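Inspection log for the structure reproduced underneath, given as structure tokens.
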Amino acid sequence: MPSPRTLALVLLCALVPGRGRAHALRLSTGEVMVEGTQIRAVLQFARLELDALRPEDVAGTIQVTVDGAPCALASASVAPAQEDGVAVTCRWECPRAPGRLRMVLGFLDRLPEGHLHVALLRLPGGTVQRTARASAPVLEVEAQPGAWAGAGRFLRLGAEHIFQGTDHIAFLIGVLLLGGTFRQLVGVVTAFTLAHSVTLAVATLGWLVPPPRIIEPLIALSIVAVAVENLVALRSPLSTARVKAAITRRWRLTFGFGLVHGFGFAGALRALELPRALLAPSLLTFNLGVELGQLVIVAMAWPLLRWARGLPGMWPAGIRWASAGVAALGGFWLVQRVLWP
């Protein structure tokens, strides 16, 4: 029979994937302007993601049509962008002003796996956002869109941000290790969501934007804190009342650190520089996506952890080891983000 320590380490490896940064989405952005019969686009990429694609070749991979008729590429240029990026500016001449605009982004096939392109399309009827990836490389929109057109895509972006964020997942696993009813855990996760919704909105609106060199270490510290709370609750001699009390008040800890995590989430939206008219639907659907992602993680991890706690030697020894592993992981990220931001 494996020791509690071995079981705990196997459990952690199964639950926490191997990426260390939560907010470094593989992301490029675009701004597309419809100006009569001309279509102009400014696309921004991180230089490190263009190993397999020269910036000069980006424009040639894009197919643009209006109402089914092709547009001709008239010009393309490349210039440096902020934070070691590259901006590609393209212009197409179309046979008519678009009623329906369609852009096929061929460059997505050549970028690293998981890359997401988020575009703002400024049209005569308003501005909308669209997302594209290698499996769905098409941006398509009517020239007279509704205010909420395309906002649902941010639901997916919010869920992806949780699933790709190892530190957020580690925090959730730390919360789940101590146990509790499914209803209690959903309440804890919802408290986390309410808190990060506040700071996500505050940061995205630009009212308060703490620098990542402060927020990223604090997120790592939150992982250490929740794991240490587990260890304190499980200290010898074990007290069931003490464990239940820790579970009951856990929402306070997750609410407090949810405020910190919200500033981290905001980086994904701030990078898009959304116009204010799109902030409300984008924030709402992004938050819903984050909440759904968290609930999926809880629904998957809760029964597994409940089963593990029933194994011989796992309660409380194995959970102590698992909590110590979460604390060590958070501590590693804390040191990494302080010394190498």
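Numbering follows the working numbering, in which position 62 of the sequence shown is assigned residue number 63; successive positions increment by one, without gaps. All C-beta atoms, glycine included, are put in the ideal place defined by N, C-alpha and C. These figures come from a predicted structure and were not determined experimentally.
Take Val339 as the anchor and find which of Ala221, Asn231 and Leu305 has the nearest alpha-carbon. Ala221
Relative to the alpha-carbon of Gln185, which residue among Asp85, Leu260, Cys91 and Arg250 has its alpha-carbon at the smallest distance? Arg250
Just checking, does the segment 108-123 make contact with the segment 71-88 on the three C-beta pairs under 8 Å criterion? no
Taking the alpha-carbon positions, what's the Arg48 to Val87 distance? 6 Å
Starting from the Cα of Leu124, find the closest Cα among Arg101, Trp252 and Leu109 and give me that residue. Arg101
Enumerated in chain order, which unbroken segments of the alpha helix (DSSP H) with a length of 4 residues or greater are wholly contained in the segment 141-207? 154-164, 167-178 and 183-205
Which runs of the beta strand (DSSP E) at least 3 residues long sit entirely within the segment 81-114? Give them in chain order. 86-94 and 101-106
Just verifying my parser: in three-state terms, what is the DSSP assignment at Ser223? helix
Helix, strand or coil for Gly326 per DSSP? helix
Nearest to Leu293 by alpha carbon, out of Leu232, Glu161, Trp93 and Ser223? Glu161
Using the C-alpha atoms, what's the distance from Ala247 back to Glu230? 8 Å
Tell me the rounded alpha-carbon separation between Ala60 and Gly37. 20 Å
Could you give the first and the last residue of the continuous beta strand (DSSP E) run that contains Arg41? Gln39 to Ala47
I need the boundaries of the alpha helix (DSSP H) containing Val244, first residue and last residue. Thr241 to Thr249
Quick one: Cα of Val327 to Cα of Ala80, how far? 43 Å
The beta strand (DSSP E) with Arg123 in it runs from where to where? Leu117 to Leu124
What first and last residue would you give for the beta strand (DSSP E) that runs through Glu32? Leu28 to Glu36
Is Thr236 helix, strand or coil by DSSP? The amino acid occupying residue 236 in the given sequence is Arg; Thr does not appear at that position. Three-state result, Arg236: coil.
With distances taken Cα to Cα, identify the nearest neighbour of Leu156 among Ser240, Ser136, Gly332 and Thr132. Thr132
Let's test the definition: count the other Cβ atoms within 10 Å of the Cβ of Arg321 and tell me whether it reaches 16, buried, or not, exposed. buried
Start-to-end residues for the beta strand (DSSP E) that takes in Thr66: Ile63 to Val67
What would DSSP say about Ala133, mapped onto helix, strand or coil? strand
Does the distance from the CB of Gln295 to the CB of Leu173 come in under 9 Å? yes
For Val297, the three-state DSSP class (helix, strand or coil): helix
Excluding five sequence neighbours on each side, which residues of the same chain lie with their C-beta closer than 7 Å to the C-beta of Phe333? none
For the segment 295-308 against the segment 200-216, are there 3 or more C-beta pairs whose distance is under 8 Å? no
Quick one: what's got a C-beta closer than 6 Å to Leu178's C-beta in the same chain, skipping five residues either side? Asn231, Ile320, Ala323 and Ser324
So what's Pro218 in DSSP terms, helix, strand or just coil? helix
Would you decide whether Phe183 is buried or exposed? Buried here means 16 or more other CB atoms lie within 10 Å of its CB. exposed
Looking only at C-alpha atoms, which of Ile215, Ala196 and Val119 sits nearest to Gln337? Ile215
Please look up how many angstroms separate the CB atoms of Gly263 and Ser198, rounded, as I've assumed it's under 8 Å. 7 Å
Output the distance between the C-alpha atoms of Trp341 and Arg243, rounded to the nearest integer angstrom. 38 Å
Going by the beta-carbon positions, is the gap between Phe266 and Phe193 smaller than 9 Å? no
In or out: Val233 buried (at least 16 other Cβ within 10 Å) or exposed? exposed
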